[in-house]
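Chemist: 17 is the number that my numbering gives to position 8 of the sequence shown; each next residue is one higher, with no gaps. I have a structure I would like to understand better, so I am pasting it below and will then ask my questions one at a time.
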Amino acid sequence: MILFPLLSLVAVFYLYKLQNPSQISNKNKTPLSFKDNKEQCPQCHMYLVGKKFTAQAIGDDFKTHFFDDVGCMILWVEEHKELKNVVLWVYTIDTKRYIQAQKAWYSIDENTPMEYGFGAYEHDRDFLIDFETMRLRMLRGETLNNPKIRKQIQI
């Protein structure tokens, strides 16, 4: 008689652990871990593989949205202006951890999944740009996808 409630509790806990990270209520608005090929970018619909160049956005609904490219996150946030108090996270190339996107510095010549070229760094160095400059370049189409920009950078 006591075995059934215990088994039910174990089953609920097991199903919770298997739950998709993007379906978890992320009340702390912190970056979540994910498994390769399980999370799909809502902007370009590519599956995430590895953490490099990834980003996450968490809104007031506490839902975490995963992005394979920082540029995808910028476009998606721009298209979803109805979301308020969105917290943005980017995975940094230099320290290999998530930091808030607005505190990161960005290179413009990385080989990113969508070929936008923006790679996040925690520590500033020569030729990096700040978040707002990166965001504006992304929204204006000044990315490595643009042949004129690619030629200027000479990649």
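The beta-carbon is built from N, C-alpha and C at its ideal position, and this holds for glycine as well.
Measure the C-alpha to C-alpha separation of N46 and V58 and round it to an integer number of angstroms.
Modeler: 6 Å
Chemist: So, are the CB atoms of T73 and P122 less than 9 Å apart?
Modeler: no
Chemist: Are K102 and K61 touching if we call contact CB-CB under 9 Å?
Modeler: What sits at residue 102 in the sequence shown is Ile, not Lys. It is a contact, given that the beta carbons lie within the stated cut-off.
Chemist: Rounded C-beta distance between L97 and A129? I'm assuming under 8 Å.
Modeler: Going by Cβ atoms, the distance from L97 to A129 rounds to 10 Å, so no, they are not a contact pair.
Chemist: Buried or exposed for G80, please, with buried defined as at least 16 other CB atoms from any protein chain shown within 10 angstroms of its CB.
Modeler: buried
Chemist: Mind checking which residues open and close the beta strand (DSSP E) that includes L148?
Modeler: L148 -> not in any beta strand (DSSP E); alpha helix (DSSP H) instead, spanning F140 to R149.
Chemist: Could you check what DSSP says for A113 in three-state terms: helix, strand or coil?
Modeler: coil
Chemist: Give the straight-line distance between the Cα atoms of F71 and K36, rounded to the nearest whole angstrom.
Modeler: Spanning the two alpha carbons is a distance of roughly 5 Å.
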